[in-house]
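Chains as they are written, first to last, in the numbering used here: chain A, 610 to 903; chain B, 610 to 903.
Just so it is clear, CB atoms sit at the ideal spot from N, CA and C, and this is done for glycine as well.
Note that the structure is a prediction, hence the values are computed from the model and not measured.
Some notes on the structure that comes next.
There are 2 protein chains.
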Amino acid sequence: MIRRLAILGVGLIGGSVALALKRAGQVQQVVGFGRDRANLDRAVDRGVIDEIAPSPEAAVAGADRVLLAMPVGAMAGTFVRIGPHLEPHALVTDAGSTKQDVIAAARAGLGPRIDCFVPGHPIAGVEKSGAEAALSDLYEGRNVILTPLAENTPATVAAIAALWTSCGAQVTEMKAVEHDRIFAAVSHLPHLAAFALVDELAGRPEAELFFRHAGSGFRDFTRIAGSSPAMWRDIALANHQALVAELDAYLSRLSAYRDALGAGDADGLMQSFTRASEARKRWQPNGNHIENDE
Amino acid sequence: MIRRLAILGVGLIGGSVALALKRAGQVQQVVGFGRDRANLDRAVDRGVIDEIAPSPEAAVAGADRVLLAMPVGAMAGTFVRIGPHLEPHALVTDAGSTKQDVIAAARAGLGPRIDCFVPGHPIAGVEKSGAEAALSDLYEGRNVILTPLAENTPATVAAIAALWTSCGAQVTEMKAVEHDRIFAAVSHLPHLAAFALVDELAGRPEAELFFRHAGSGFRDFTRIAGSSPAMWRDIALANHQALVAELDAYLSRLSAYRDALGAGDADGLMQSFTRASEARKRWQPNGNHIENDE
Numbered sequence: 610m611i612r613r614l615a616i617l618g619v620g621l622i623g624g625s626v627a628l629a630l631k632r633a634g635q636v637q638q639v640v641g642f643g644r645d646r647a648n649l650d651r652a653v654d655r656g657v658i659d660e661i662a663p664s665p666e667a668a669v670a671g672a673d674r675v676l677l678a679m680p681v682g683a684m685a686g687t688f689v690r691i692g693p694h695l696e697p698h699a700l701v702t703d704a705g706s707t708k709q710d711v712i713a714a715a716r717a718g719l720g721p722r723i724d725c726f727v728p729g730h731p732i733a734g735v736e737k738s739g740a741e742a743a744l745s746d747l748y749e750g751r752n753v754i755l756t757p758l759a760e761n762t763p764a765t766v767a768a769i770a771a772l773w774t775s776c777g778a779q780v781t782e783m784k785a786v787e788h789d790r791i792f793a794a795v796s797h798l799p800h801l802a803a804f805a806l807v808d809e810l811a812g813r814p815e816a817e818l819f820f821r822h823a824g825s826g827f828r829d830f831t832r833i834a835g836s837s838p839a840m841w842r843d844i845a846l847a848n849h850q851a852l853v854a855e856l857d858a859y860l861s862r863l864s865a866y867r868d869a870l871g872a873g874d875a876d877g878l879m880q881s882f883t884r885a886s887e888a889r890k891r892w893q894p895n896g897n898h899i900e901n902d903e
Numbered sequence: 610m611i612r613r614l615a616i617l618g619v620g621l622i623g624g625s626v627a628l629a630l631k632r633a634g635q636v637q638q639v640v641g642f643g644r645d646r647a648n649l650d651r652a653v654d655r656g657v658i659d660e661i662a663p664s665p666e667a668a669v670a671g672a673d674r675v676l677l678a679m680p681v682g683a684m685a686g687t688f689v690r691i692g693p694h695l696e697p698h699a700l701v702t703d704a705g706s707t708k709q710d711v712i713a714a715a716r717a718g719l720g721p722r723i724d725c726f727v728p729g730h731p732i733a734g735v736e737k738s739g740a741e742a743a744l745s746d747l748y749e750g751r752n753v754i755l756t757p758l759a760e761n762t763p764a765t766v767a768a769i770a771a772l773w774t775s776c777g778a779q780v781t782e783m784k785a786v787e788h789d790r791i792f793a794a795v796s797h798l799p800h801l802a803a804f805a806l807v808d809e810l811a812g813r814p815e816a817e818l819f820f821r822h823a824g825s826g827f828r829d830f831t832r833i834a835g836s837s838p839a840m841w842r843d844i845a846l847a848n849h850q851a852l853v854a855e856l857d858a859y860l861s862r863l864s865a866y867r868d869a870l871g872a873g874d875a876d877g878l879m880q881s882f883t884r885a886s887e888a889r890k891r892w893q894p895n896g897n898h899i900e901n902d903e
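Here is the structure:
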């Protein structure tokens, strides 16, 4: 049982952890800190948090578990502020989409207390934000990846894993570098690729003509281009090293398609499209009813 | 009322036209030709077509309307075969996703009869295929683009437009070159971009690791990578000129992102992501509930 949980950043992600742990009877008190007072008031109204802290320092005072659930770009400053105020027995985790940069920020901010920090990444969310959107079952059956540090004891990792499993999540562990490489490929790059297409078309004088004729393929391909610009700017910069490597591989693939089109290389295109189509169907053979209106 | 409609290629697209016109009471008899005998038998069983023709030539004999609904790569040979066998009053349309190449094939195959051909592109479909998948309401409320030729009389265009509106579709007209440019951007490029990402990951030794961690953003971004490789090879090659231009613009955008990541250009990324996000939300402000599990 967590006695006092501090949620720093009471949005969908942090708020849902609070609600899930409350529903599971695994937390006595939740204190929240955030920049948006109206959002915090709403969080209290909805019973997401029990108390609003005036600062991160005040939030972690007396807390045995601390969750950083703000944009990754804001974590470095928070680690610096909370480091000196953490209780001796406090354990800290986060919900950032990138891990190596968060770990570097934690090392810089927490100093000798780094052993209490177990980095995490819950693979869950909906494109809504704020405490208003928090759901007690957001993590039910979802994956949470932990990237434990050499400094963490097994008991520390187990305690943070227990926090997430109490929310209904399945916890897996991997190295931070591996995490960042995987998510650069399957998440960060697709976001950039979707932003790039929409910005390209939106910037044309005839943008309206293009959008008017866009169908369900375009709709799904670009869905994630509706995501938060600030969040994805932070993620892209935080994970720029792995992301540039993925962008280079992708640019190389697309250039090869360009060459194949120029050369009329039907076989080359067919082979690549076939490998992709088969892999895509293997990945999600069912539950994927596809409208294809092009 | 169409007395005899010849459907060349009795799949989802062609079969749905037959069913829609029958439901509307706008056709007396439908004859079908296709390569797959079992599919044609199924089309007869389902009442999609009334008669199986042994050849394209036989199918168009006596037909006052002819629909080419096969892959665009197969149309050139079909125009050559049916040209000499078209009835004097016959009118022809097609359902190809590219238009300039189909028009070139029609000019080559139909020769002096080119005036009877009104090119079309129904923006409808589901990722199912075959006569089995044909639906009488597939075109209900969907757009069909016609790209009439200089040789078409207004009466000819009106008659083909009537065929599609009888299916429940809304018909608009544009120039073929404009059609191909628009669909290169909003449909053909996204398909190549999705194929490219999936093939890139599928070819890696650790492919399974990447796919295991892919979430809903990846799912939607790559949905169209499950499409028919042969169909998209044909479309890509048929529209290669416009598609290469779009690929170049896209490569340039992605390269700019790469440069911005390398330079830590937070403002540049933020501006582009914001333009994209706002344009995407304007395009589809509602009805787009978004899971974003990254």
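Counted as a single uninterrupted DSSP element, the beta strand (DSSP E) harbouring A:Thr702 occupies residues 700-703. Among the residues of chain A, those whose CB is under 7 Å from the CB of B:Ser864 are Leu860, following chain order. In the structure shown, A:His797 adopts helical secondary structure according to DSSP, grouped into three states. A:Pro731 is bridged by DSSP to A:Val753.
Contact of B:Leu818 with chain A by beta-carbon distance below 7 Å involves Ile791.
At a C-beta separation below 8 Å, A:Lys890 has these neighbours in chain B: Gly835. Between A:Leu630 and A:Cys776, the C-beta spacing is below 8 Å. Looking only at A:Arg790, A:Val689, A:Gly618, the smallest Cα-Cα distance to A:Leu856 is reached by A:Arg790. Taking 8 Å as the CB threshold, A:Gln779 stays off the interface with chain B. Using a CB distance cut-off of 8 Å, A:Phe830 counts as an interface residue toward chain B.
Excluding residues up to 5 positions away in sequence, Ser625, Val626, Ala629, Pro731, Ala733, Trp773, Cys776, Gly777, Ala778 lie with their Cβ nearer than 8 Å to the Cβ of A:Tyr748 in the same chain. B:Val636 and B:Ile769 have their C-alpha atoms spaced approximately 13 Å apart.
Taking a Cβ-Cβ cut-off of 7 Å, the neighbours of A:Trp841 in chain B comprise Phe882, given in sequence order. When DSSP assignments are scanned along the region 751-792 of chain A, the uninterrupted stretches of beta strand (DSSP E) that are 3 or more residues long and fall wholly within it turn out to be 752-755, 779-782.
Listed along chain B are Ala794, Glu855, Ala858, Tyr859, Ser861, Arg862, Ala885, each with a C-beta nearer than 9 Å to that of A:Glu809. Taking a beta-carbon distance threshold of 8 Å, A:Pro757 does not count as an interface residue toward chain B.
With a cutoff of 8 Å on beta-carbon distance, B:Ile844 and B:Val681 are scored as near each other. In its chain, beyond the 5 residues on either side, Leu617, Ala662, Pro665, Ala668 have a beta carbon closer than 6 Å to the beta carbon of B:Phe642. Around the beta-carbon of A:Ser861, fewer than 16 other beta-carbon atoms lie within 10 Å, marking it exposed. When Cβ-Cβ separations below 8 Å define contact, B:Gly718 makes no contact with chain A.
Judged by DSSP in its simplified three-state form, A:Gln850 adopts helix. With a 10 Å radius around the Cβ and a threshold of 16 neighbouring Cβ atoms, A:Ala743 comes out buried. In the DSSP assignment, B:Gly739 falls outside any beta strand (DSSP E), carrying neither H nor E.
C-alpha of B:Asn752 to C-alpha of A:Arg821: approximately 11 Å in a straight line.
A Cβ-Cβ distance of about 4 Å is found for the pair A:Ala811 and B:Ala888, placing them in contact under the 8 Å criterion. When beta bridges are read from the DSSP output, A:Leu617 appears opposite A:Phe642, A:Leu677. Here B:Gly871 is exposed: its Cβ has fewer than 16 other Cβ atoms, across all protein chains shown, within 10 Å.
A:His698 sits exposed, since fewer than 16 C-beta atoms from the chains shown fall within 10 Å of its C-beta. Put simply, the CB of B:Ile732 is near chain A, with a gap under 8 Å to one of its CB atoms.
Within the region 865-876 of chain B, those residues whose Cβ lies closer than 7 Å to any Cβ of chain A are, in chain order, Tyr866, Arg867, Leu870, Gly871, Gly873, Ala875. Burial check for A:Asp673: the Cβ neighbour count within 10 Å reaches 16 or more, so the residue is buried. For A:Ala704, there are no neighbours in chain B by C-beta distance under 8 Å, as the nearest C-beta there is about 12 Å away. In the DSSP assignment, B:Pro665 falls within the unbroken alpha helix (DSSP H) covering 665-669. For A:Thr687, the enclosing alpha helix (DSSP H) begins and ends at 684-691. A straight-line Cα-Cα distance of about 10 Å links A:Asp645 and A:Ala740.
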